[in-house]
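With positions in the sequence shown counted from 1, the corresponding number in this note's numbering is that position plus 41.
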Amino acid sequence: MTKLTDSLYVIHNNPFIMAPLFTNFFDSVTESENNYLFCYLLLPLVLNVDRRDFLNKSTVRSSVHTFKNKQNLLIGLADDVQYYKEITHHSIQHAIDSDWIVINENLSVTVDENPKNIQSNLIKSYSASQKMYHILGDLDVLTIDIC
Numbered sequence: 042m043t044k045l046t047d048s049l050y051v052i053h054n055n056p057f058i059m060a061p062l063f064t065n066f067f068d069s070v071t072e073s074e075n076n077y078l079f080c081y082l083l084l085p086l087v088l089n090v091d092r093r094d095f096l097n098k099s100t101v102r103s104s105v106h107t108f109k110n111k112q113n114l115l116i117g118l119a120d121d122v123q124y125y126k127e128i129t130h131h132s133i134q135h136a137i138d139s140d141w142i143v144i145n146e147n148l149s150v151t152v153d154e155n156p157k158n159i160q161s162n163l164i165k166s167y168s169a170s171q172k173m174y175h176i177l178g179d180l181d182v183l184t185i186d187i188c
């Protein structure tokens, strides 16, 4: 049974499939120092249905404070960050190896190419990745304490 579970994990959490989410996110981000660190929040926010729906329904008036006021969105976020840490590393590495992004010395990310080959089951996550920075972008990534 463990082999089946491991196989399903690999199919659903494939860095080749997830990497375009990161390039799409960083393409919508203003390049700034340490913005690479936002990548650790990306998968937990755009793959969880409730958090993804919040991002997709967010408006220009939405902020991290709006997010924090919805307690159901915070439940399990810290665990999800840890859960997706390895796939985040592999996805970012794939994006770097494919020459889609460059991580600069100040941990800012530059997008060289934004692939449009997104999987159909990730369309909502793809659009949520574009909106995520609108919620968190005004803050210094080193000071974000959502949990």
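For every residue, glycine included, the Cβ atom is placed at its ideal position computed from N, Cα and C.
Just so we're clear, the structure is a prediction, and the values are computed from it rather than from any experiment.
Output needed for residue i: all residues of its chain with C-beta closer than 7 angstroms, excluding positions within five of it in sequence on either side, in chain order.
{"i": "ILE128", "result": "ASN54, PRO56, MET59 and LEU84"}
{"i": "ASP91", "result": "ASN113 and LEU114"}
{"i": "MET173", "result": "PHE66, LEU83, LEU86, VAL87 and LEU96"}
{"i": "LYS165", "result": "ARG93 and ASN97"}
Identify whether residue i lies in helix, strand or coil by the three-state DSSP scheme.
{"i": "ILE116", "result": "coil"}
{"i": "MET173", "result": "helix"}
{"i": "ASN75", "result": "coil"}
{"i": "ASN162", "result": "helix"}
{"i": "ASP68", "result": "helix"}
Quick one, which of the options has its alpha-carbon nearest residue i's?
{"i": "LEU78", "options": "ASN113, SER168 and VAL122", "result": "VAL122"}
{"i": "VAL87", "options": "TYR125, GLU72, ASN76 and LYS111", "result": "TYR125"}
{"i": "SER170", "options": "GLN134, SER99 and ASN75", "result": "SER99"}
{"i": "GLU74", "options": "HIS175, VAL150 and HIS131", "result": "VAL150"}
{"i": "LEU148", "options": "ASN76, THR71 and VAL70", "result": "ASN76"}
{"i": "GLU146", "options": "THR64, ALA136 and GLU72", "result": "GLU72"}
Spatial neighbours of residue i within its chain, please: C-beta separation below 6 angstroms, excluding the five flanking residues on both sides.
{"i": "ASP68", "result": "VAL152 and ASN155"}
{"i": "ASP140", "result": "ASP153"}
{"i": "ASN89", "result": "none"}
Here's the rule I'm using: 16 or more other beta-carbon atoms within 10 Å means buried, otherwise exposed. How should residue i be labelled?
{"i": "ALA119", "result": "exposed"}
{"i": "LYS111", "result": "exposed"}
{"i": "VAL143", "result": "exposed"}
{"i": "VAL101", "result": "exposed"}
{"i": "ILE133", "result": "buried"}
{"i": "ASN162", "result": "exposed"}
{"i": "HIS135", "result": "buried"}
I'd like the list of long-range same chain contacts for residue i, defined as Cβ closer than 8 angstroms, with 5 residues on each side in sequence excluded.
{"i": "LEU177", "result": "PHE79, LEU82, VAL105 and ILE185"}
{"i": "THR107", "result": "SER99 and ILE176"}
So, is the C-beta of residue i closer than 8 angstroms to a C-beta in chain C?
{"i": "LEU118", "result": "Among the protein chains of the structure shown there is no chain C, as only one such chain exists."}
Looking at residue i and the ligand HEM, is the gap between the Cβ and the nearest heavy atom below 7 angstroms?
{"i": "HIS106", "result": "This structure lacks the ligand HEM; in fact it carries no ligand of any kind."}
Next item on the list: Taking only runs that begin and end inside the stretch 92-157, name each unbroken beta strand (DSSP E) of 3 or more residues, in chain order.
Entry: 142-144 and 150-152
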